[in-house]
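Residue 103 in the numbering used here sits at position 103 of the sequence shown, with consecutive numbering throughout. Glycine included, every Cβ here is placed at the ideal spot set by N, Cα and C. This structure is a prediction, so every number in the text was calculated from the model and none was measured.
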Amino acid sequence: MTSAISPLDLGYSFCPNDTFIFYALHAGRVASPLPVREVLEDVQTLNEWARVGRLPVTKISYRAYFDVMEQYVALRAGGALGRGVGPLVVAREELGDLNGRLVASPGAQTTAELLLRLAYPDVRLTHLRYDEVMPAVARGEVDAGLIIHESRFTYAEHGLVKLLDLGAWWEGETGLPLPLGAILVRRDLPLDIQRGLNAAVRASLEYAYKHPAEPMDYIRQHALEMSDDVMRAHIDLYVNAFSLDVGGEGERAVRELHRRAVGMGAVPPSDLPLFVERA
1 MTSAISPLDL GYSFCPNDTF IFYALHAGRV ASPLPVREVL EDVQTLNEWA
51 RVGRLPVTKI SYRAYFDVME QYVALRAGGA LGRGVGPLVV AREELGDLNG
101 RLVASPGAQT TAELLLRLAY PDVRLTHLRY DEVMPAVARG EVDAGLIIHE
151 SRFTYAEHGL VKLLDLGAWW EGETGLPLPL GAILVRRDLP LDIQRGLNAA
201 VRASLEYAYK HPAEPMDYIR QHALEMSDDV MRAHIDLYVN AFSLDVGGEG
251 ERAVRELHRR AVGMGAVPPS DLPLFVERA
(Lines of atoms letter the chains of each structure in order from A; the text may use other names.)
(Lines give C-alpha, C1' and ligand atoms only; values in the text may rest on other atoms or scores of the structure.)
Protein backbone atom coordinates (compact mmCIF):
# COMPACT_ATOMS: atom_id res chain seq x y z
CA MET A 1 0.00 0.00 0.00
CA THR A 2 1.49 3.34 -1.03
CA SER A 3 1.24 6.42 1.17
CA ALA A 4 -0.17 9.70 -0.12
CA ILE A 5 2.31 12.32 -1.27
CA SER A 6 2.48 15.26 1.12
CA PRO A 7 1.66 18.56 -0.57
CA LEU A 8 4.21 21.31 -0.91
CA ASP A 9 3.33 24.54 0.87
CA LEU A 10 3.08 27.35 -1.71
CA GLY A 11 3.26 30.84 -0.26
CA TYR A 12 1.84 33.87 -2.06
CA SER A 13 0.17 37.14 -1.18
CA PHE A 14 -3.47 38.21 -0.93
CA CYS A 15 -2.94 40.59 -3.86
CA PRO A 16 -5.08 40.09 -6.99
CA ASN A 17 -2.08 39.46 -9.24
CA ASP A 18 -1.01 36.48 -7.11
CA THR A 19 -4.48 35.02 -6.57
CA PHE A 20 -5.16 35.40 -10.32
CA ILE A 21 -1.94 33.58 -11.22
CA PHE A 22 -2.27 30.77 -8.67
CA TYR A 23 -6.03 30.17 -8.71
CA ALA A 24 -5.94 27.28 -11.20
CA LEU A 25 -3.01 25.58 -9.46
CA HIS A 26 -4.71 25.93 -6.07
CA ALA A 27 -8.05 24.71 -7.47
CA GLY A 28 -6.54 21.68 -9.22
CA ARG A 29 -7.38 22.94 -12.71
CA VAL A 30 -3.85 22.27 -13.99
CA ALA A 31 -1.35 19.47 -13.49
CA SER A 32 1.53 19.79 -11.02
CA PRO A 33 4.50 17.47 -10.40
CA LEU A 34 3.56 17.51 -6.70
CA PRO A 35 0.35 18.64 -4.99
CA VAL A 36 0.50 22.14 -3.49
CA ARG A 37 -1.23 23.75 -0.54
CA GLU A 38 -1.85 27.51 -0.46
CA VAL A 39 -0.32 29.62 2.31
CA LEU A 40 -1.47 33.23 1.94
CA GLU A 41 0.46 36.00 3.71
CA ASP A 42 1.63 39.54 3.06
CA VAL A 43 4.85 39.76 1.07
CA GLN A 44 6.96 41.08 3.95
CA THR A 45 6.01 38.03 6.06
CA LEU A 46 6.89 35.75 3.13
CA ASN A 47 10.22 37.60 2.80
CA GLU A 48 10.97 36.95 6.47
CA TRP A 49 9.92 33.31 6.27
CA ALA A 50 12.24 32.73 3.32
CA ARG A 51 15.20 33.74 5.46
CA VAL A 52 14.61 30.62 7.57
CA GLY A 53 13.53 28.41 4.64
CA ARG A 54 10.02 27.92 5.99
CA LEU A 55 8.26 27.24 2.67
CA PRO A 56 9.51 25.08 -0.22
CA VAL A 57 7.80 27.33 -2.81
CA THR A 58 7.16 31.00 -2.13
CA LYS A 59 6.50 34.45 -3.55
CA ILE A 60 9.19 36.92 -2.51
CA SER A 61 10.47 40.40 -3.27
CA TYR A 62 13.48 40.35 -5.58
CA ARG A 63 15.40 42.32 -2.97
CA ALA A 64 14.69 39.60 -0.40
CA TYR A 65 15.61 36.89 -2.93
CA PHE A 66 19.15 38.22 -3.05
CA ASP A 67 19.52 37.34 0.66
CA VAL A 68 18.38 33.71 0.28
CA MET A 69 19.98 32.63 -2.99
CA GLU A 70 21.91 29.85 -1.26
CA GLN A 71 18.61 28.14 -0.39
CA TYR A 72 16.29 29.14 -3.24
CA VAL A 73 16.22 29.65 -7.01
CA ALA A 74 13.60 31.66 -8.92
CA LEU A 75 11.06 30.16 -11.28
CA ARG A 76 10.82 31.71 -14.72
CA ALA A 77 7.03 31.97 -14.42
CA GLY A 78 4.76 33.69 -11.92
CA GLY A 79 6.87 36.72 -11.10
CA ALA A 80 6.14 40.43 -11.27
CA LEU A 81 8.30 42.53 -13.60
CA GLY A 82 7.37 45.23 -16.02
CA ARG A 83 7.26 48.84 -17.07
CA GLY A 84 5.06 51.38 -15.35
CA VAL A 85 4.69 49.07 -12.36
CA GLY A 86 6.96 50.73 -9.83
CA PRO A 87 6.34 51.65 -6.21
CA LEU A 88 5.46 55.27 -5.51
CA VAL A 89 6.56 57.79 -2.89
CA VAL A 90 3.60 59.86 -1.70
CA ALA A 91 3.15 62.72 0.76
CA ARG A 92 0.63 65.34 1.83
CA GLU A 93 2.46 67.98 -0.21
CA GLU A 94 5.48 68.40 -2.48
CA LEU A 95 8.75 67.96 -0.56
CA GLY A 96 11.61 68.11 -3.05
CA ASP A 97 14.76 66.25 -2.03
CA LEU A 98 13.92 63.22 0.15
CA ASN A 99 17.41 62.87 1.66
CA GLY A 100 17.04 63.38 5.40
CA ARG A 101 13.27 62.98 5.29
CA LEU A 102 11.45 60.29 7.33
CA VAL A 103 9.70 57.87 4.99
CA ALA A 104 7.45 54.96 5.97
CA SER A 105 8.46 51.78 4.13
CA PRO A 106 6.55 48.49 3.83
CA GLY A 107 9.67 46.47 4.69
CA ALA A 108 13.45 46.44 4.76
CA GLN A 109 13.59 43.51 2.33
CA THR A 110 11.21 44.95 -0.26
CA THR A 111 12.40 45.89 -3.72
CA ALA A 112 10.63 49.21 -3.13
CA GLU A 113 12.93 50.13 -0.25
CA LEU A 114 16.03 49.09 -2.19
CA LEU A 115 14.99 51.39 -5.04
CA LEU A 116 14.34 54.28 -2.67
CA ARG A 117 17.76 53.85 -1.07
CA LEU A 118 19.39 53.74 -4.50
CA ALA A 119 17.65 56.98 -5.47
CA TYR A 120 18.07 58.74 -2.08
CA PRO A 121 20.94 57.20 -0.08
CA ASP A 122 20.40 59.45 2.97
CA VAL A 123 16.66 58.96 3.39
CA ARG A 124 15.51 58.02 6.91
CA LEU A 125 13.19 54.99 7.12
CA THR A 126 10.61 53.57 9.47
CA HIS A 127 8.77 50.32 8.77
CA LEU A 128 5.02 49.71 8.70
CA ARG A 129 2.81 47.05 7.15
CA TYR A 130 2.08 48.11 3.57
CA ASP A 131 -1.60 48.92 4.23
CA GLU A 132 -0.65 51.14 7.20
CA VAL A 133 1.72 53.40 5.25
CA MET A 134 -0.79 55.80 3.69
CA PRO A 135 -2.77 56.38 6.90
CA ALA A 136 0.48 57.23 8.71
CA VAL A 137 1.37 59.76 6.00
CA ALA A 138 -2.12 61.27 6.09
CA ARG A 139 -1.89 61.66 9.89
CA GLY A 140 1.45 63.48 9.56
CA GLU A 141 3.42 60.84 11.48
CA VAL A 142 6.01 60.65 8.69
CA ASP A 143 7.11 62.99 5.92
CA ALA A 144 6.28 60.57 3.12
CA GLY A 145 5.34 56.99 2.41
CA LEU A 146 6.59 54.27 0.09
CA ILE A 147 3.53 52.50 -1.34
CA ILE A 148 3.15 49.22 -3.21
CA HIS A 149 0.38 46.92 -4.47
CA GLU A 150 -3.10 48.42 -4.90
CA SER A 151 -2.16 51.58 -2.96
CA ARG A 152 -0.93 53.16 -6.21
CA PHE A 153 -4.59 53.29 -7.32
CA THR A 154 -6.01 54.76 -4.10
CA TYR A 155 -3.50 57.26 -2.64
CA ALA A 156 -5.48 60.28 -3.85
CA GLU A 157 -8.43 59.11 -1.73
CA HIS A 158 -6.19 59.72 1.30
CA GLY A 159 -5.49 63.28 0.21
CA LEU A 160 -1.93 62.44 -0.86
CA VAL A 161 0.16 63.47 -3.85
CA LYS A 162 2.78 61.50 -5.79
CA LEU A 163 6.36 62.65 -5.25
CA LEU A 164 8.24 59.99 -7.18
CA ASP A 165 7.53 56.93 -9.32
CA LEU A 166 10.45 54.62 -8.55
CA GLY A 167 9.65 52.41 -11.52
CA ALA A 168 10.04 55.39 -13.86
CA TRP A 169 13.27 56.30 -12.04
CA TRP A 170 14.61 52.74 -12.55
CA GLU A 171 13.63 52.65 -16.22
CA GLY A 172 15.29 56.02 -16.78
CA GLU A 173 18.46 54.81 -15.07
CA THR A 174 18.72 51.41 -16.76
CA GLY A 175 16.34 51.21 -19.73
CA LEU A 176 15.16 47.89 -18.27
CA PRO A 177 11.86 46.65 -16.83
CA LEU A 178 11.56 46.74 -13.05
CA PRO A 179 11.84 43.44 -11.14
CA LEU A 180 9.42 43.44 -8.20
CA GLY A 181 8.66 39.88 -7.09
CA ALA A 182 9.62 36.31 -7.92
CA ILE A 183 8.40 32.80 -7.17
CA LEU A 184 11.14 30.74 -5.53
CA VAL A 185 11.67 27.01 -5.09
CA ARG A 186 14.21 25.39 -2.83
CA ARG A 187 17.43 24.53 -4.62
CA ASP A 188 17.51 21.11 -2.95
CA LEU A 189 14.39 19.99 -4.83
CA PRO A 190 15.25 17.81 -7.85
CA LEU A 191 15.66 19.73 -11.08
CA ASP A 192 12.75 17.90 -12.73
CA ILE A 193 10.48 19.00 -9.87
CA GLN A 194 11.72 22.59 -10.18
CA ARG A 195 11.01 22.56 -13.90
CA GLY A 196 7.65 20.87 -13.35
CA LEU A 197 6.60 23.50 -10.84
CA ASN A 198 7.62 26.23 -13.27
CA ALA A 199 5.47 24.61 -15.96
CA ALA A 200 2.57 24.29 -13.49
CA VAL A 201 2.71 27.98 -12.54
CA ARG A 202 2.79 29.00 -16.19
CA ALA A 203 -0.13 26.66 -16.94
CA SER A 204 -2.06 28.16 -14.02
CA LEU A 205 -1.65 31.66 -15.45
CA GLU A 206 -2.55 30.49 -18.96
CA TYR A 207 -5.72 28.93 -17.53
CA ALA A 208 -6.64 32.23 -15.85
CA TYR A 209 -6.14 34.10 -19.12
CA LYS A 210 -8.44 31.62 -20.91
CA HIS A 211 -11.09 31.67 -18.14
CA PRO A 212 -10.82 35.20 -16.66
CA ALA A 213 -14.17 35.14 -14.86
CA GLU A 214 -13.56 31.87 -13.03
CA PRO A 215 -10.90 33.09 -10.55
CA MET A 216 -12.82 36.25 -9.56
CA ASP A 217 -14.60 34.86 -6.48
CA TYR A 218 -11.27 33.54 -5.19
CA ILE A 219 -9.62 36.91 -5.87
CA ARG A 220 -12.44 38.83 -4.13
CA GLN A 221 -12.21 36.55 -1.11
CA HIS A 222 -8.70 37.84 -0.38
CA ALA A 223 -8.80 41.37 -1.81
CA LEU A 224 -9.34 43.34 1.43
CA GLU A 225 -12.61 45.03 0.34
CA MET A 226 -11.02 46.16 -2.93
CA SER A 227 -13.46 47.21 -5.65
CA ASP A 228 -13.71 45.07 -8.78
CA ASP A 229 -12.31 47.94 -10.84
CA VAL A 230 -9.23 48.19 -8.61
CA MET A 231 -8.79 44.40 -8.68
CA ARG A 232 -8.84 44.37 -12.48
CA ALA A 233 -6.49 47.34 -12.72
CA HIS A 234 -4.13 45.59 -10.31
CA ILE A 235 -4.12 42.40 -12.41
CA ASP A 236 -3.73 44.31 -15.68
CA LEU A 237 -0.74 46.21 -14.28
CA TYR A 238 1.22 43.45 -12.55
CA VAL A 239 0.42 40.36 -14.68
CA ASN A 240 2.02 40.47 -18.12
CA ALA A 241 4.29 38.58 -20.51
CA PHE A 242 7.08 38.56 -17.90
CA SER A 243 4.71 36.60 -15.63
CA LEU A 244 4.56 33.82 -18.21
CA ASP A 245 8.34 33.78 -18.65
CA VAL A 246 10.91 36.21 -17.34
CA GLY A 247 12.74 36.09 -20.68
CA GLY A 248 16.15 37.48 -21.58
CA GLU A 249 15.27 41.11 -20.89
CA GLY A 250 13.80 40.21 -17.51
CA GLU A 251 16.92 38.24 -16.59
CA ARG A 252 19.10 41.24 -17.48
CA ALA A 253 16.94 43.44 -15.28
CA VAL A 254 17.25 41.10 -12.30
CA ARG A 255 21.03 40.83 -12.77
CA GLU A 256 21.28 44.64 -12.87
CA LEU A 257 19.20 45.04 -9.71
CA HIS A 258 21.42 42.47 -7.99
CA ARG A 259 24.57 44.22 -9.22
CA ARG A 260 23.39 47.54 -7.80
CA ALA A 261 22.34 45.97 -4.50
CA VAL A 262 25.80 44.40 -4.20
CA GLY A 263 27.42 47.71 -5.14
CA MET A 264 25.72 49.57 -2.29
CA GLY A 265 26.62 46.83 0.19
CA ALA A 266 23.03 45.71 0.72
CA VAL A 267 23.64 42.06 -0.27
CA PRO A 268 26.66 39.82 -0.78
CA PRO A 269 27.87 38.88 -4.27
CA SER A 270 26.85 35.49 -5.68
CA ASP A 271 27.68 33.43 -8.76
CA LEU A 272 24.66 31.10 -8.36
CA PRO A 273 22.17 30.87 -11.24
CA LEU A 274 19.30 33.29 -10.70
CA PHE A 275 16.66 31.15 -12.43
CA VAL A 276 15.69 27.50 -12.81
CA GLU A 277 17.47 25.91 -15.75
CA ARG A 278 15.39 25.51 -18.88
CA ALA A 279 14.54 21.97 -19.96
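Own chain residues within Cβ distance below 6 angstroms of residue i, not counting five before or after
i: Met1; result: Summary for Met1: the model assigns pLDDT 36, below 50, so the residue's position carries little reliability, and this model does not support an answer.
i: Tyr164; result: Sequence inspection shows Leu at residue 164; the Tyr mentioned does not correspond to that position. Val89, listed in sequence order.
i: Tyr120; result: Leu98, Asn99
i: Gln194; result: Val185, Val276
i: His158; result: Met134, Ala138
i: Gly263; result: none
i: Ser270; result: Met69
Cut-off 7 angstroms between Cβ atoms - residues of its own chain near residue i, not counting five sequence neighbours on either side
i: Leu114; result: Arg63, Ala261, Ala266
i: Asn17; result: Ala80, His234, Ile235, Tyr238, Val239
i: Ala108; result: His127
i: His281; result: Only positions 1 to 279 of the chain appear in the structure, and residue 281 is not among them; the question remains open.
Beta-carbon separation (whole angstroms), residue i vs residue j, contact threshold 8 angstroms
i: Val85; j: Leu180; result: 6 angstroms
i: Leu166; j: Pro87; result: 5 angstroms
i: Ser13; j: Glu41; result: 7 angstroms
i: Pro7; j: Pro35; result: 4 angstroms
Candidates the options, of which the one nearest residue i by Cα
i: Ile21; options: Val133, Ala31, Val137, Ser204; result: Ser204
i: Ala241; options: Arg83, Ile5, Glu173, Gly28; result: Arg83
i: Arg92; options: Lys59, Asp143, Thr45; result: Asp143
i: Trp170; options: Met226, Arg117, Ala200, Pro35; result: Arg117
i: Gly96; options: Gln44, Tyr12, Ser243, Val161; result: Val161
i: Thr58; options: Phe66, Val43, Glu70; result: Val43
i: Phe153; options: Met231, Pro268, Leu224; result: Met231
Proximity below 8 angstroms, CB of residue i to CB of residue j
i: Val68; j: Arg51; result: yes
i: Ala104; j: Gly78; result: no
i: Leu46; j: Ile60; result: yes
i: Ala112; j: Ile148; result: yes
i: Tyr207; j: Ala31; result: no
i: Arg202; j: Leu244; result: yes
i: Leu274; j: Glu249; result: no
Unbroken stretches of the beta strand (DSSP E), 3 residues or longer, contained in the segment 142-206:
144-147, 161-165, 178-186
Beta strand (DSSP E) segments (min. 3 residues) lying fully within the segment 86-118:
88-91, 102-105
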